[in-house]
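Engineer: Those protein sequences? They're chains Y and X, same order as listed. When we follow the working numbering, the leftmost residue of the first sequence carries the number 1, and every step to the right adds one. When we follow the working numbering, the leftmost residue of the second sequence carries the number 1001, and every step to the right adds one. In this text, a Cβ means the ideal position worked out from N, Cα and C, and glycines have one as well. Sharing a structure below in structure tokens format, with a few things to ask.
Number of protein chains: 2
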Amino acid sequence: MQAAAAVIAIQPVEKRMPAARKHAANCSSCNLRELCLPGALDAEDLARIDNLVYARRRLKRGEALYQAGAEFKAIYAIRSGSFKASLFDGDGREQVSGFFMAGELLGLEGLGSGAYQAGAIALEDSEVCVLPYALIEQFCREIPALQRRLHTVLAREIVRDHGVMMLLGTMRAEQRLATFLLNLSARSKRRGYSSSEFHLRMSREEIGSYLGLKLETVSRLFSQFHDVGLIDVDYRHVRILDVQGLERMLREPSAHVPN
Amino acid sequence: MQAAAAVIAIQPVEKRMPAARKHAANCSSCNLRELCLPGALDAEDLARIDNLVYARRRLKRGEALYQAGAEFKAIYAIRSGSFKASLFDGDGREQVSGFFMAGELLGLEGLGSGAYQAGAIALEDSEVCVLPYALIEQFCREIPALQRRLHTVLAREIVRDHGVMMLLGTMRAEQRLATFLLNLSARSKRRGYSSSEFHLRMSREEIGSYLGLKLETVSRLFSQFHDVGLIDVDYRHVRILDVQGLERMLREPSAHVPN
DNA sequence: CGCAGAGTTGAGGCGCTTCAAGAGCGGTGG
DNA sequence: CCACCGCTCTTGAAGCGCCTCAACTCTGCG
């Protein structure tokens, strides 16, 4: 229970939500639940975890959900908005390790360890559900399906990181950006939005940090993709014109790039 | 139990081990346990998980413990020897995602998902403990300390991957190799071996794949490190002469490399 | 309306790759 | 035991891709 006590500064759901909206804090009535921690839990299990969400928290654009190195207390599920996660090392390097959108989980790397390794910053006004670790531990012991789901979600995070390693280790710049755009497209689609048209919530510099490129290179690639008819770009608004063209780029050999 | 049944081809511990050596299959009598899954479990909990190790398996150099994409049945703890994990994508790219040594766990990314994402190959004659997922799930429900430990271990794997992302995304070639050598040194020390002198079990090409470099570059860097007095190299035998020199390299700004 | 931050575009250079040739090591068979 | 062969490693020369530096434009916000 110490983890729950540690987030006491945040108002519990009951106090924050007027009675009329209170239901919205329950996983069972949340339309993002399939994407989120509950996944394909059946109705009975779903009802049992309804007070797993200890609180909600709203963040403004640019605000930090937690800092790198901060004490781990809870994982967070994104209810609305989006975030970037940033890694820091002791020598002044910074690297964006991922972008996260509605239904995705933040802070998994702190599970069972003392601290968050990456910092999480809101890329727009956002809202998250706070899932205290103590509650997660308890519910996972009681509900086998949830335990398994947590493992799945953790494994998925590892697989996601592997994708980034592959991208950084083996792809040339244009393939990295193509991968990035296709990934955003797929996640946008999965959330019921357009797969071909979306708004980038992050800067060229943040994209560059994520992809292991400089912002100028990212900018040039956007222009180049536009020139060959793969996409339309207007600042942060992107429309994909030729999905297969982007996919084809990934199959090209990566000359002049590490194996 | 289906996971345990699926590994039936491997002889259970009781059958493989003569009575005199049988104890060696128990975590409680394994001198690697602190590094491994059990971690700092107390004696009582340790006794309870003694048949978590369903079997042992020996592999020869070059043999695959499991292939990428194979059905996930168990995680593996390295009892002796070492492994590389390799990632593959659909477009013919390959990337070494890590090197693993005694006491470390393989196959975590398959937890709760259907399949291993990376393949694991023995870099020398090795032996592993087989930990069936069904048993892990069950023991974690019964033993809170083990549940937490599993989370810690999973989170550590994520943190490890973040380190690789940082390395690939922000460091120049010589910093990558320095990081690699310092990492091997620390892990060697932690296992009771020399921190300054060790034998590389992997080829230059495998190192290169891991570091996002070509094998020729790796080779040149070894020579260069030798020339400036940082290390002695004789093929795969390495001796670190100047730890602080290597550490100093990491602090240098990374001109001509992504942010 | 002005200013700061974000994005674009150009010119030049460095770092790592590519291509190539040769040397060293280990395993195998005579 | 030695000679051979394949694989790994080393080293050199040349080139490409992305970075650096820099100037300018566009956008959003007070």
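#1: So, does the CB of G112 (chain Y) fall closer than 8 Å to a CB anywhere in chain X?
#2: In or out: D161 (chain Y) buried (at least 16 other Cβ within 10 Å) or exposed?
#3: Count Cβ pairs between the segment 176–194 of chain Y and the segment 1109–1121 of chain X that sit closer than 8 Å; are there 3 or more?
#4: Hey, how far is the Cα of S29 (chain Y) from the Cα of K1189 (chain X)?
#5: Going by CA-CA distance only, name the one from Y:C27, Y:R239, Y:T217 and Y:H151 that's closest to E205 (chain Y).
#6: Pick helix, strand or coil for R56 (chain Y), following the three-state DSSP scheme.
#7: Strictly below 9 Å CB to CB, what residues from chain Y border E1137 (chain X)?
#8: Less than 8 Å between CB atoms is the rule here; does C1036 (chain X) satisfy it with respect to chain Y?
#9: Quick check: the Cα distance between D232 (chain Y) and M171 (chain Y), rounded to an integer number of angstroms?
#10: Which chain Y residues sit within Cβ distance under 8 Å of M1165 (chain X)?
#11: Using C-beta distances below 8 Å, list every residue in its chain close to S1223 (chain X), excluding the 5 sequence neighbours before and after it, in chain order.
#12: Start and end of the beta strand (DSSP E) containing M202 (chain Y)?
#13: Would you say R33 (chain Y) reaches chain X, if we count a Cβ-Cβ gap shorter than 8 Å as a contact?
#14: I143 (chain Y) and D242 (chain Y) - do their beta-carbons sit closer together than 8 Å?
#15: Closer than 9 Å, Cβ to Cβ, to anything on chain X: give me those residues from the segment 200–217 of chain Y, in chain order.
#16: Is there a C-beta anywhere in chain Y that falls below 8 Å from the one on G1245 (chain X)?
#17: Show which residues of chain Y have a CB atom less than 7 Å away from the CB atom of I1075 (chain X).
#18: What in chain Y is Cβ-close to I1121 (chain X), meaning under 9 Å?
#19: In chain Y, what lies closer than 7 Å to E1157 (chain X) by C-beta?
#20: Here's the rule: buried if 16 or more other CB atoms are within 10 angstroms of the residue's CB, otherwise exposed. What is H23 (chain Y)?
#21: Does the Cβ of A74 (chain Y) have 16 or more other Cβ atoms within 10 Å, making it buried, or fewer, making it exposed?
#22: Could you tell me which chain X residues have their CB closer than 8 Å to the CB of E109 (chain Y), listed as they occur along the chain?
#23: Taking A118 (chain Y) as the query, report the chain X residues whose CB atoms sit under 8 Å from its CB, ordered along the chain.
#24: Could you give the residue range of the alpha helix (DSSP H) that holds A263 (chain Y)?
#25: L1250 (chain X) touches chain Y at which residues, Cβ-Cβ below 7 Å?
#26: Tell me which residues of the segment 1166–1195 of chain X have at least one Cβ-Cβ distance to chain Y shorter than 8 Å, keeping chain order.
#27: Report back the beta-carbon spacing between A1122 (chain X) and L1059 (chain X) to the nearest angstrom; my notes put them in contact at under 8 Å.
#28: Can you confirm whether R57 (chain Y), when its beta carbon is compared against all beta carbons of chain X, has any partner nearer than 8 Å?
#29: Are the C-beta of R1141 (chain X) and some C-beta of chain Y separated by less than 8 Å?
#30: In this structure, how does DSSP classify S1126 (chain X) when only helix, strand and coil are distinguished?
#31: Going by CA-CA distance only, name the one from Y:S113, Y:E157 and Y:A85 that's closest to V1153 (chain X).
#32: With distance defined between alpha-carbon atoms, name the residue in Y:Q117, Y:D91 and Y:I240 nearest to A186 (chain Y).
#33: Three-state secondary structure (DSSP) at I158 (chain Y)?
#34: Is the segment 1080–1091 of chain X close to the segment 1047–1056 of chain X, with three or more CB pairs under 8 Å?
#35: How is the beta strand (DSSP E) around Y66 (chain Y) delimited, first residue to last?
Structural biologist: Looking at the coordinates:
#1: As a position in the first sequence, residue 112 (chain Y) is number 112, starting the count at 1. For G112 (chain Y), the answer is yes, since a Cβ of chain X falls inside 8 Å of its Cβ.
#2: Here the question's residue 161 (chain Y) lines up with position 161 in the first sequence. D161 (chain Y) should be labelled buried.
#3: no
#4: To locate residue 29 (chain Y), count along the first sequence from 1; it is residue 29. To locate residue 1189 (chain X), count along the second sequence from 1; it is residue 189. Going by the C-alpha atoms only, they are around 52 Å apart.
#5: Position 205 of the first sequence, counting from 1, holds the residue named residue 205 (chain Y). Nearest C-alpha to E205 (chain Y): Y:T217.
#6: Locating residue 56 (chain Y) in the first sequence gives position 56, counting from the first residue. R56 (chain Y): strand per DSSP, three-state reduction.
#7: Start at 1 with the first residue of the second sequence, and residue 1137 (chain X) comes out as number 137. Within chain Y, the residues near E1137 (chain X) are P144, Q147, R148 and H151.
#8: If you number the second sequence from 1, residue 1036 (chain X) lands on position 36. Taking a beta-carbon distance threshold of 8 Å, C1036 (chain X) does not count as an interface residue toward chain Y.
#9: In the first sequence, the residue the question calls residue 232 (chain Y) occupies position 232. In the first sequence, the residue the question calls residue 171 (chain Y) occupies position 171. For D232 (chain Y) and M171 (chain Y), the gap between their C-alpha atoms comes out near 23 Å.
#10: For the purposes of this step, residue 1165 (chain X) is taken as residue 165 along the second sequence, with counting starting at 1. Within 8 Å Cβ-Cβ: L87, Q95, S97, D161, V164, M165 and L168.
#11: Taking the second sequence and counting its residues from 1, one reaches residue 1223 (chain X) at position 223. Here the set comprises V1233.
#12: Translated into the one-based positions of the first sequence, residue 202 (chain Y) becomes position 202. Note, M202 (chain Y): premise wrong, no beta strand (DSSP E); not H, not E.
#13: Position 33 of the first sequence, counting from 1, holds the residue named residue 33 (chain Y). Output row for R33 (chain Y): interface = no.
#14: In the first sequence, the residue the question calls residue 242 (chain Y) occupies position 242. In the first sequence, the residue the question calls residue 143 (chain Y) occupies position 143. In this structure, I143 (chain Y) does not lie closer than 8 Å to D242 (chain Y) by Cβ.
#15: E205, G208, S209, Y210, L211, G212, L213, K214, L215 and T217
#16: Taking the second sequence and counting its residues from 1, one reaches residue 1245 (chain X) at position 245. Chain Y contact via Cβ: absent.
#17: What you label residue 1075 (chain X) is simply residue 75 of the second sequence in a count that begins at 1. Within chain Y, no residue comes near I1075 (chain X); the closest Cβ sits about 11 Å away, beyond 7 Å.
#18: Within the second sequence, numbered from 1, the residue matching residue 1121 (chain X) stands at position 121. The contacting residues do not exist; I1121 (chain X) stays about 16 Å from chain Y at best.
#19: For the purposes of this step, residue 1157 (chain X) is identified with residue 157 of the second sequence, where counting begins at 1. Simply I158.
#20: The residue you call residue 23 (chain Y) lines up with position 23 of the first sequence. For H23 (chain Y), the pLDDT reaches just 41, beneath the cut-off of 50, and the residue's location in the model is therefore unreliable, although a value from the coordinates is still provided. Under this definition H23 (chain Y) is an exposed residue.
#21: Here residue 74 (chain Y) is taken as the residue at index 74 of the first sequence, counted from 1. Classification for A74 (chain Y): buried.
#22: For this step, residue 109 (chain Y) is matched to residue 109 along the first sequence. Simply A1155, I1158, V1159 and H1162.
#23: As a position in the first sequence, residue 118 (chain Y) is number 118, starting the count at 1. A118 (chain Y) reaches chain X at H1162, counting residues in chain order whose Cβ is nearer than 8 Å.
#24: Coverage of chain Y is limited to positions 1 through 259, which leaves residue 263 (chain Y) absent and any answer about it impossible.
#25: Here residue 1250 (chain X) is taken as the residue at index 250 of the second sequence, counted from 1. Chain Y residues near L1250 (chain X): D91.
#26: M1166, L1168, G1169, T1170 and M1171
#27: Counting from one through the second sequence, the residue named residue 1122 (chain X) turns up at place 122. Counting from one through the second sequence, the residue named residue 1059 (chain X) turns up at place 59. Sure, about 4 Å apart at Cβ, within 8 Å.
#28: For this step, residue 57 (chain Y) is matched to residue 57 along the first sequence. Output row for R57 (chain Y): interface = no.
#29: The count along the second sequence starts at 1 and reaches residue 1141 (chain X) at position 141. Interface residue, yes.
#30: In the second sequence, counting from the first residue as 1, residue 1126 (chain X) sits at position 126. Strand at S1126 (chain X).
#31: For the purposes of this step, residue 1153 (chain X) is identified with residue 153 of the second sequence, where counting begins at 1. The shortest Cα separation from V1153 (chain X) among Y:S113, Y:E157 and Y:A85 belongs to Y:S113.
#32: If you number the first sequence from 1, residue 186 (chain Y) lands on position 186. Closest by alpha carbon: Y:I240.
#33: Taking the first residue of the first sequence as 1, we reach residue 158 (chain Y) at position 158. It is helical.
#34: no
#35: The count along the first sequence starts at 1 and reaches residue 66 (chain Y) at position 66. Looking at the DSSP string, the run of the beta strand (DSSP E) that includes Y66 (chain Y) is A64 to Y66.
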